[in-house]
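Q: Would you mind keeping the following structure in view while I ask a few things?
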Amino acid sequence: MKLTRGYLADFLSLLFPQLCDACNENLSRQEKLICTNCLYNLPYTNFHQQTDHVVARQFWGKINLESSYALLYFIKGNKVQRLMHHLKYKNKPQIGNFLGQIAGKQLITNDKFKTVDVIIPVPLHHSRMRKRGYNQSERFANGLAEKLPAIVSVENLVRTKATDTQTQKSRFSRFENVKSVFAVNDPEALKGKHILLVDDIMTTGSTLESCGNILLEIEGVKLSIATIAYAE
């Protein structure tokens, strides 16, 4: 029976091949979402092994962070761009979970991230949530939570109004675009917590800064950030 199922799986893979979301090549039966070659050769940042890196420096003098991290470097035209496009626009939320699990395996080796109590994804406005059907940052958060001793909170930090896309905006315009658009529903639930704020891609950090400022107003909060990718 197992042999028959194996032949059937091979036959179906010929008719409906599963493709790597990073390179678009065929996946083997054992591979999932990203082929072994891409998985091994993705541009990992290894920021979990460093204290002084480009993401940390983005927030110096802006918000007080316990630690910061990005899993991958995003470079226009590279495989990470394809992954992020599939995650956000091709109805592939499972990519977020998968990359979150990889990131979680790295972060659990870093003492600062071991103390995280709550993981909060940057929220989408309900209008965009309806259109996309899921929040890609929430999927990343769920993957992280499988490896970190923390819970995911998706209803406390909210986006109170829709904003224009951040693409092609200057740093100042990005910050103005997201200033005062976030709010916390229940500050008491987050008092004294170490919060890991997560997003998909970081460029200037304006969105994370805006969210972070709101969260740091809560008594006793410690804040760290993590993203799937950092755009150089």
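In UniProt numbering, the protein residues as written are 1 to 232.
For glycine and all other residues, C-beta sits at the position ideal for the given N, C-alpha and C.
Below 7 angstroms CB to CB, which residues in the same chain sit around P17 once its five sequence neighbours on both sides are set aside?
A: To locate residue 17, count along the sequence shown from 1; it is residue 17. Closer than 7 angstroms at Cβ, skipping near neighbours: N26.
Q: Tell me whether A189 is buried or exposed, calling it buried when 16 or more other Cβ atoms sit within 10 Å of its Cβ.
A: Here residue 189 refers to the residue found at position 189 when the sequence shown is read from its first residue. Looking at its Cβ environment, which holds fewer than 16 other Cβ atoms inside 10 Å, A189 is exposed.
Q: Can you tell me which of Q136, S180, E219 puts its alpha carbon nearest to the alpha carbon of H86?
A: For the purposes of this step, residue 86 is taken as residue 86 along the sequence shown, with counting starting at 1. Nearest C-alpha to H86: Q136.
Q: Per DSSP, what kind of secondary structure is N26 in: helix, strand or coil?
A: By one-based count along the sequence shown, residue 26 stands at place 26. The answer is strand: DSSP assigns N26 an E or B state.
Q: With burial defined as no fewer than 16 other Cβ atoms inside 10 Å of the residue's Cβ, what is the status of G220: buried or exposed?
A: The sequence position of residue 220 within the sequence shown is 220, counting from 1. So G220 ends up on the exposed side.
Q: When you compare each of L196, T115, E232, P187 to residue 238 by their alpha carbons, which one comes out closest?
A: Nothing about residue 238 can be reported from this structure: the residues present for the chain run from 1 to 232 only.
Q: Please confirm whether L157 and I225 have their CB atoms less than 9 angstroms apart.
A: One-based indexing of the sequence shown puts residue 157 at position 157. One-based indexing of the sequence shown puts residue 225 at position 225. No, these two residues do not count as a Cβ contact at 9 angstroms.
Q: Indicate the three-state DSSP secondary structure (helix, strand or coil) for T203 in the structure shown.
A: Within the sequence shown, residue 203 is the residue found at index 203, counting from 1. DSSP places T203 in coil when its eight states are reduced to three.
Q: Mind checking who S67 pairs with in its DSSP beta bridge?
A: Your numbering for residue 67 matches position 67 in the sequence shown. Answer is S224, bridged to S67.
Q: Pick out the complete alpha helix (DSSP H) segments inside the region 60-143, 4 residues or longer, and give them in chain order.
A: Those alpha helix (DSSP H) runs which fall completely within the region 60-143 and span 4+ residues are 79-89, 94-107, 111-114, 126-132.
Q: By the DSSP assignment, the beta strand (DSSP E) with V181 in it spans what residues?
A: By 1-based counting over the sequence shown, the position of residue 181 is 181. Run containing V181: none; DSSP gives neither H nor E here.
Q: Across which residues does DSSP place I214 in a beta bridge pair?
A: Locating residue 214 in the sequence shown gives position 214, where the first residue counts as 1. BP columns for I214 are empty, so no partner.
Q: Decide yes or no for the touch test of the region 56-73 against the region 99-106: beta carbon pairs closer than 8 angstroms, at least 3 of them.
A: With a cut-off of 8 angstroms, the region 99-106 and the region 56-73 count as touching, because enough Cβ pairs lie within range.
Q: Can you say whether S173 is buried or exposed, counting buried as having 16 or more other CB atoms within 10 angstroms of its CB?
A: Indexing the sequence shown from 1 puts residue 173 at position 173. Note that S173 scores a pLDDT of 48, beneath 50, so its modelled location is shaky; the value from the coordinates is reported in the next line. When all chains shown are included, S173 counts as exposed.
Q: Among all the DSSP beta bridges, which residues are the ones paired with A231?
A: Within the sequence shown, numbered from 1, the residue matching residue 231 stands at position 231. DSSP lists F74 as partners of A231.
Q: Short of 6 angstroms in beta carbon distance, which residues of its chain neighbour Q58, apart from the five on each side in sequence? Order them along the chain.
A: Sequence index remark: in the sequence shown, residue 58 carries index 58 (1-based). Counting only Cβ-Cβ distances below 6 angstroms, and skipping sequence neighbours, we find G205.
Q: Return the chain-ordered list of same chain residues with a C-beta closer than 8 angstroms to the C-beta of L19, the five sequence neighbours on each side being excluded.
A: Taking the sequence shown and counting its residues from 1, one reaches residue 19 at position 19. Closer than 8 angstroms at the Cβ level, and outside the excluded window around L19, lie E25, N26, L27.
Q: So, at 7 angstroms on beta carbons, what are the nonlocal neighbours of M129 in its own chain, with the 5 sequence-adjacent residues on each side left out?
A: By one-based count along the sequence shown, residue 129 stands at place 129. For M129, where only same-chain residues beyond five positions count, the Cβ hits under 7 angstroms are N135.
Q: Would you list the one or two residues that DSSP bridges to E197?
A: For this step, residue 197 is matched to residue 197 along the sequence shown. One detail in the question is off: residue 197 reads as Leu in this sequence, not Glu. L197 pairs with I120, I225.
Q: Run the CB neighbour count on Y230, radius 10 Å, all protein chains shown included, and call it buried at 16 or more, exposed below.
A: To locate residue 230, count along the sequence shown from 1; it is residue 230. Buried: at least 16 other Cβ atoms inside 10 Å.
Q: As a quick exercise: from I201, G133, E217, pick the residue whose alpha carbon is nearest that of K193.
A: Here residue 193 is taken as the residue at index 193 of the sequence shown, counted from 1. Checked all of I201, G133, E217; the closest Cα to K193 is E217.
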